[in-house]
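First the structure, in the form of structure tokens, and then the observations on it.
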Amino acid sequence: MKIVLCSSEVVPFAKTGGLADVAGALPIALEELGHEVIIAMPRYKEIQESRFKIQRAGKDVSYSILGRGIKVYFIENDKYFNRDGLYGDKKGDHKDNLERFSYYCKRTLELLKEINFSADVIHCNDWQTCLIPVYLKALYSMDAFYKNIKTILTIHNIGYQGLFPKEEFPKLGLDWSLFNIKALEYYNQINLLKGGMVFSDLLNTVSTAYSQEIQTKEFGFGLEGVLAERKESLFGILNGLDYSLWNPVQDELIAAKYSVRNIEDKYKNKRDLQKICGLPLKEDLPLLGIVSRLAEQKGFDILAEGIEKICKMDLQLVILGTGEEKYHLILEKIVKKYPKVISLHLKFDNTLAHKIYAGSDIFLMPSKYEPCGLGQLISFAYGTLPLVFKTGGLADTVTADNGFVFDKYSKGDLIKTVGKAVTAFANKKKWTALMVKGMGYNFSWKESAKSYIKLYEKAKSQ
Ligand code: ADP
Numbered sequence: 029m030k031i032v033l034c035s036s037e038v039v040p041f042a043k044t045g046g047l048a049d050v051a052g053a054l055p056i057a058l059e060e061l062g063h064e065v066i067i068a069m070p071r072y073k074e075i076q077e078s079r080f081k082i083q084r085a086g087k088d089v090s091y092s093i094l095g096r097g098i099k100v101y102f103i104e105n106d107k108y109f110n111r112d113g114l115y116g117d118k119k120g121d122h123k124d125n126l127e128r129f130s131y132y133c134k135r136t137l138e139l140l141k142e143i144n145f146s147a148d149v150i151h152c153n154d155w156q157t158c159l160i161p162v163y164l165k166a167l168y169s170m171d172a173f174y175k176n177i178k179t180i181l182t183i184h185n186i187g188y189q190g191l192f193p194k195e196e197f198p199k200l201g202l203d204w205s206l207f208n209i210k211a212l213e214y215y216n217q218i219n220l221l222k223g224g225m226v227f228s229d230l231l232n233t234v235s236t237a238y239s240q241e242i243q244t245k246e247f248g249f250g251l252e253g254v255l256a257e258r259k260e261s262l263f264g265i266l267n268g269l270d271y272s273l274w275n276p277v278q279d280e281l282i283a284a285k286y287s288v289r290n291i292e293d294k295y296k297n298k299r300d301l302q303k304i305c306g307l308p309l310k311e312d313l314p315l316l317g318i319v320s321r322l323a324e325q326k327g328f329d330i331l332a333e334g335i336e337k338i339c340k341m342d343l344q345l346v347i348l349g350t351g352e353e354k355y356h357l358i359l360e361k362i363v364k365k366y367p368k369v370i371s372l373h374l375k376f377d378n379t380l381a382h383k384i385y386a387g388s389d390i391f392l393m394p395s396k397y398e399p400c401g402l403g404q405l406i407s408f409a410y411g412t413l414p415l416v417f418k419t420g421g422l423a424d425t426v427t428a429d430n431g432f433v434f435d436k437y438s439k440g441d442l443i444k445t446v447g448k449a450v451t452a453f454a455n456k457k458k459w460t461a462l463m464v465k466g467m468g469y470n471f472s473w474k475e476s477a478k479s480y481i482k483l484y485e486k487a488k489s490q
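Going by my numbering, the final residue of the sequence shown carries number 490, and the count climbs one at a time with no gaps.
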């Protein structure tokens, strides 16, 4: 099968979150199953020749290779992409995001014809790519080259929809008739995710639980009605984990490599992390790690409320993340009060992320909602027990038998569960058994990739 994967971020070229992990790993798994895959993404400022082997594909398109021979095409446009920040900077979202991503979507479709890649399916991901199915049906379907191409949209997070003022609609180059509630309009605004949900042949989310949850008012972010109409076309496929990147046996970014056979070497990583973070070198204190966007979705509202009580327990806490300014401020304040307990790193840092997964005992991920979540899967691989709220992909993967789960979203329940984990940590034998269990899991992409192929085939047969 010939597949085009479209994503606004792809590991190792550009990443702000789990979308990039998925977009960098799924194509490789599809290629290993014998399919022909290409990827298209914007060429951001950070995609430089000094960091990657990049070749020219045309005047305004370049490419690099992923896996054995997957061409990753970079759509170039200095005005739109040669700047800091994928979607925004410290001041907020880039003001011209509608133009930036509509340009990317249109240019990607044109590129397919230029390179004569007669795709069976275009696999779109999140709002940044959602104009592809819209343009395909509205502008390109008369062209024989595009006529048989099917589209799949994966919704990685329905909380981010790509909303823009109605006044910007002419920039899309679409007929005003598409600005209606059956297409791109959402309460008098442009909603790109909605457009993708309406125009794609099939839809999926990144866990089964989340595919159910987003059909409810509580988790649908206003789009549950649109999904209700497309219920028959909506599926759930759990993300995998790229074990060539996330594996303590061969991780070059951590202080000491380890497996279940030399599991005690994990503690060398704990010491290394404590040293880097300026925390007391105490092996007996449970070390909790967080690697996350600092957003309410990730549980930072209840964490901010409960953190003082958590800091008073016998533990250490390392936080790596960037996000909402208010959480930066709250956390900075608390670190000043408890410098021997918390170490805070307000940045995006892949190396430190690896060190935290490897050096922590417990991975804290109290997300309010979580489409799939990769943090808990990574922490399993590193023998770090996840502590999560029971929702979405976290509910699908973490239980009381492999980690710690609370099922009422409140600061009280979070604090109680942290307390439980701290107590459990004292029982080394039981703890080690849980570590070994998690390290034995295999959330490999192979099975998920097979499910995606089935989905593509279903789209093709429609
Ligand atoms: P998201 O909703 O942000 O996509 P996921 O759990 O699916 O959440 O994936 C997050 C990914 O981004 C993981 O690979 C995680 O390690 C990484 N990550 C998040 N924040 C940071 C950060 N500040 N520095 C480095 N990596 C980060």
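Think of the CB as a built atom: it goes at the ideal place given N, C-alpha and C, for glycine as much as any other residue.
- Taking C-alpha positions only, residue 352 is separated from residue 187 by approximately 15 Å.
- Pairing residue 418 with residue 435 gives a Cβ-Cβ distance under 8 Å.
- Put simply, of 83, 194, 197 the residue whose alpha carbon is nearest the alpha carbon of residue 104 is 83.
- With a threshold of 7 Å, the Cβ atom of residue 135 does not count as near ligand 1, since no heavy atom of the ligand is closer than that.
- Put simply, the region 390 to 406 touches the region 233 to 248. At least three CB pairs are less than 8 Å apart.
- The C-alpha of residue 303 lies about 49 Å from the C-alpha of residue 223.
- If you draw a straight line from the Cα of residue 36 to the Cα of residue 29, it is about 23 Å long.
- Between the alpha carbons of residue 466 and residue 142 lies a distance of about 47 Å.
- The DSSP assignment places 353 to 365 as complete runs of the alpha helix (DSSP H) inside the region 338 to 365, in order along the chain (cut-off: 4 residues).
- Counting the other Cβ atoms within 10 Å of the Cβ of residue 414 gives 16 or more, which makes it buried.
- In this structure, residue 275 has its CB at a distance of at least 7 Å from all heavy atoms of ligand 1.
- In this structure residue 189 is buried. Its beta-carbon is surrounded by 16 or more other beta-carbon atoms within 10 angstroms.
- Taking C-alpha positions only, residue 134 is separated from residue 118 by approximately 28 Å.
- Remark: the C-beta of residue 423 is outside contact range of ligand 1, defined as less than 7 Å to any heavy atom.
- Excluding sequence positions up to five before and after residue 488, its CB lies within less than 6 Å of the CB of 148, 178, all in the same chain and listed in chain order.
- With distances taken between CA atoms, residue 72 lies nearest to 132 out of 196, 132, 45, 445.
- Scanning its chain for C-beta atoms nearer than 8 Å, with the 5 sequence neighbours on each side dropped, one finds around residue 295 the residues 311, in chain order.
- Of the heavy atoms belonging to ligand 1, none sits nearer than 7 Å to the Cβ of residue 431.
- Residue 415 has 392, 432 as its beta-bridge partners, per DSSP.
- Ligand 1 never approaches residue 416 closely enough for any of its heavy atoms to be under 7 Å from the residue's Cβ.
- For residue 221, the uninterrupted alpha helix (DSSP H) run begins and ends at 220 to 227, by DSSP.
- The C-beta separation of residue 350 from residue 375 comes to about 6 Å, placing the pair in contact by the 8 Å criterion.
- Excluding the 5 residues flanking it on each side, residue 172 has no same chain C-beta neighbour closer than 6 Å.
- Under the three-state reduction of DSSP output, residue 64 falls in the strand class.
- Going by DSSP, residue 409 is part of the alpha helix (DSSP H) stretching over 403 to 409.
- Counting only unbroken stretches of 3 or more residues, the beta strand (DSSP E) elements lying wholly within the region 84 to 121 are 89 to 94, 98 to 103, in sequence order.
- For ligand 1, no non-hydrogen atom lies closer than 7 Å to the CB of residue 305.
- Using a Cβ distance threshold of 8 Å, residue 59 and residue 98 count as a contacting pair.
- Looking at the DSSP output, residue 69 bridges to 102.
- DSSP, reduced to helix, strand and coil, places residue 289 within a helical segment of the structure shown.
- The DSSP assignment places complete alpha helix (DSSP H) segments of no fewer than 4 residues inside the region 435 to 460 at 439 to 453, in order along the chain.
- Apart from sequence neighbours up to five positions away, the residues of its chain that approach residue 287 with a beta-carbon distance below 8 Å are 276, 277, 467, ordered along the chain.
- Secondary-structure assignment with DSSP links residue 136 through no beta bridge to anything.
- In the displayed model, residue 378 falls within a helix according to three-state DSSP.
- Residue 245 counts as exposed, since fewer than 16 other C-beta atoms from the protein chains shown sit within 10 angstroms of its C-beta.
- The way I'd put it, the region 246 to 255 doesn't touch the region 364 to 380; fewer than three beta-carbon pairs between them come closer than 8 Å.
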